[in-house]
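Notes follow once the structure below has been shown.
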Amino acid sequence: MKYLYINRVVSDIRPDESKNVLPEHLNWVKAEKSKGTLFQAGKWGDAGGAGIIEAESLESATNCLKSDPFVSKGLVDFEIHPYFID
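Next comes the structure, spelled out in structure tokens:
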């Protein structure tokens, strides 16, 4: 099943914090795309991003997002919902 997520930068972080974690985040994106988990991802607006994850369950999709360095280091939060595109 596919899940749509939207993430937002946490309001009280400094810009240099996200710049320092960006290379780790990009590596995570590449790894998840190569596994076929991350279907689509990109920046959305000035303070967040969005993407589509392929996972067996909402719990699996949520756990995948929690492994994103931006999320695990507390720089962004997210919301996730089932996404029906067919």
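All residue numbers for the sequence shown refer to my numbering, where the first residue is 3 and numbers rise by one.
Every residue gets a Cβ at the ideal spot worked out from N, C-alpha and C, and that includes glycine.
| query | result |
| --- | --- |
| Of the listed residues Trp-46, Lys-75, Ser-59, nearest to Tyr-85 (C-alpha basis) | Ser-59 |
| Length of the line joining the Cα atoms of Ala-1 and Lys-75 | The chain is shown from 3 up to 88; residue 1 falls before or after that span and cannot be answered. |
| The beta strand (DSSP E) enclosing Leu-6, as first and last residue numbers | 4-11 |
| Distance, Lys-68 Cα to Phe-41 Cα | 16 Å |
| Paired residues, beta bridge with Glu-34 - DSSP | Answer is none; Glu-34 lacks a bridge partner. |
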